[in-house]
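Residues in the sequence shown are numbered consecutively from 1, following UniProt numbering.
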Amino acid sequence: MEILYPINNISNYNADNNHKTLHPLVSVMDFSKASERNWGTEAKTIKFQYGLYCIYLKDVKCGDIRYGRDYYDYQAGTLVFFAPGQVMEVENPGISYQPMGYGLIFHPDLIHGTTLAKTLCEYNFFSYKTNEALHISDDERQLILDLLAKIELELKQPVDKHSKKLIAANIELFLNYCERFYDRQFITRDNVNRGILTKFEDLLNNYFLSEKPQSIGVPSVAYCADELHLSANYFGDLIKKETGQTAKEYILNKTIEIAKNKVYAGDKTVNEIAYELGFKYPQHFTRLFKQRVGCTPNEYKHLN
Numbered sequence: 001m002e003i004l005y006p007i008n009n010i011s012n013y014n015a016d017n018n019h020k021t022l023h024p025l026v027s028v029m030d031f032s033k034a035s036e037r038n039w040g041t042e043a044k045t046i047k048f049q050y051g052l053y054c055i056y057l058k059d060v061k062c063g064d065i066r067y068g069r070d071y072y073d074y075q076a077g078t079l080v081f082f083a084p085g086q087v088m089e090v091e092n093p094g095i096s097y098q099p100m101g102y103g104l105i106f107h108p109d110l111i112h113g114t115t116l117a118k119t120l121c122e123y124n125f126f127s128y129k130t131n132e133a134l135h136i137s138d139d140e141r142q143l144i145l146d147l148l149a150k151i152e153l154e155l156k157q158p159v160d161k162h163s164k165k166l167i168a169a170n171i172e173l174f175l176n177y178c179e180r181f182y183d184r185q186f187i188t189r190d191n192v193n194r195g196i197l198t199k200f201e202d203l204l205n206n207y208f209l210s211e212k213p214q215s216i217g218v219p220s221v222a223y224c225a226d227e228l229h230l231s232a233n234y235f236g237d238l239i240k241k242e243t244g245q246t247a248k249e250y251i252l253n254k255t256i257e258i259a260k261n262k263v264y265a266g267d268k269t270v271n272e273i274a275y276e277l278g279f280k281y282p283q284h285f286t287r288l289f290k291q292r293v294g295c296t297p298n299e300y301k302h303l304n
């Protein structure tokens with residue numbers, strides 16, 4: 001049994017958490033003001049269905065968060081991000097607990113006509129998943145709280161023609177700092193990232209040694225990310241930070257590297273090599289090879 005909890009309306013969500021609604025489309029929340037949570041004991045999970053953008057800075061563990069198949073790399077002092085259309089599950093702790101932490105919640109309608117509406121899709125962390133939460137330092141946490149206080153201060157001002165632009169600009173500033181903190185996390189978790197890069201390399205090597213190319217084709221970024229239990233966006237950002245290449249470029253370069261070895265061996269035709277690598281049409285393989293190497297597979301064979 002599970003409990004379904006839709007989050008679609010700012011006023012309703014504020015009421016559920018003992019907060020005054022200062023603006024119908026955006027809210028800054030201090031969850032310590034909310035009543036104790038008690039979901040009962042019959043439901044094993046609570047499923048939150050998001051129709052709003054929600055960013056949470058959690059200060060207490062209140063059940064394991066699951067998004068998709070896996071669990072969040074989640075502890076007190078982490079930031080997690082949800083966008084409209086996403087569903088998040090929390091395991092019911094079965095006991096009462098006091099929520100602690102802060103939240104920034106806003107409706108998509110808030111940013112219509114602002115510069116943030118044009119750039120929001122560039123903040124990939126809204127589609128990160130499972131083990132990809134943002135872990136922040138004490139100084140970063142204080143900066144996050146200062147930014148939330150700045151947004152809340154603007155919400156308390158009388159509404160005028162500048163309100164929407166200023167609120168959206170402050171949210172954009174908040175998101176830009178989160179982007180910076182994620183860049184820092186990619187660096188400080190260098191050992192973890194390099195481990196993923198090694199696994200990525202092994203995944204590609206084993207893939208091309210198997211019969212998967214003939215049945216699946218050239219591996220996609222989404223396929224590799226899924227095999228490594230990462231979201232495609234987080235995986236792509238991580239590979240870009242580590243190698244300077246996009247994940248797609250890395251895969252194509254690896255494909256050409258293997259192709260060159262096969263062409264050099266000289267015991268198979270171009271069509272056979274194209275098929276072994278997962279290309280549906282040999283001419284697509286030949287075109288890619290020439291783009292990357294500067295000559296066709298047959299020309300490369302004779303040159304070497």
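Ideal placement from N, C-alpha and C gives every residue a C-beta, glycine not left out.
Quiz item: Would Ser231 be called buried (16 or more neighbouring beta carbons within 10 Å of its own) or exposed?
Solution: buried
Quiz prompt | Spatial distance of His112 from Arg37 (CA atoms) | solution = Cα-Cα distance, rounded: 34 Å.
Quiz item: Which residues share a DSSP beta bridge with Pro6?
Solution: Gln49
Practice problem: Quick one: give me the first and last residue of the alpha helix (DSSP H) that Ser215 is part of. | Solution: Counting along the chain, the unbroken alpha helix (DSSP H) around Ser215 starts and ends at 212 to 216.
Quiz prompt | C-beta atoms of Phe31 and Leu104 nearer than 8 Å | solution = No, Cβ-Cβ distance for Phe31 and Leu104 is not below 8 Å.
Exercise. Note down, in chain order, each residue of its chain lying with its Cβ closer than 7 Å to the Cβ of Glu179, except the 5 sequence neighbours on either side.
Key: Tyr123
Quiz item: For Val80, which option in Ser127, Thr119, Glu154, Ile187 has the closest C-alpha, if you only look at C-alpha atoms?
Solution: Ser127
Practice problem: Report the partner residues of Asp30 according to the DSSP bridge assignment. | Solution: Tyr102
Quiz item: What is the C-beta distance between Asn17 and Gly51, in whole angstroms, given that I count them as a contact (C-beta under 8 Å)?
Solution: Rounded, the Cβ-Cβ distance is 16 Å, inconsistent with contact.
Self-check item: Through-space distance from Asn176 to Thr41, alpha-carbon basis
Solution: 40 Å
Practice problem: Pull up the distance between the alpha-carbon of Asn271 and that of Lys212, whole angstroms please. | Solution: 17 Å
Quiz prompt | Closest Cα partner of Lys47 within the set Asn92, Asn12, Ala83 | solution = Asn92
Exercise. Report the option in Tyr300, Val26, Trp39, Thr21 whose CA atom is closest to the CA atom of Glu2.
Key: Trp39
Quiz item: In three-state terms, what does DSSP make of Leu303?
Solution: In the structure shown, Leu303 sits in a helix (DSSP, three-state: H, G or I).
Self-check item: Enclosing alpha helix (DSSP H) for Leu147 [first to last residue]
Solution: Per DSSP, Leu147 belongs to the alpha helix (DSSP H) from 138 to 155.
Practice problem: Decide if Gln245 is buried, meaning its Cβ has at least 16 other Cβ atoms within 10 Å, or exposed. | Solution: Around the C-beta of Gln245, fewer than 16 other C-beta atoms lie within 10 Å, and the residue is accordingly described as exposed.
Quiz prompt | Helix, strand or coil at Leu228 according to DSSP, with G and I counted as helix | solution = coil
Quiz item: Over what stretch of residues does the beta strand (DSSP E) that includes Phe82 continue unbroken?
Solution: 78 to 82
Quiz item: At which residues does the alpha helix (DSSP H) containing Val270 begin and terminate?
Solution: For Val270, the uninterrupted alpha helix (DSSP H) run begins and ends at 270 to 277, by DSSP.
Self-check item: Among Asn206, Leu203, Asp59, Lys280, nearest to Ser215 - alpha-carbon criterion
Solution: Lys280
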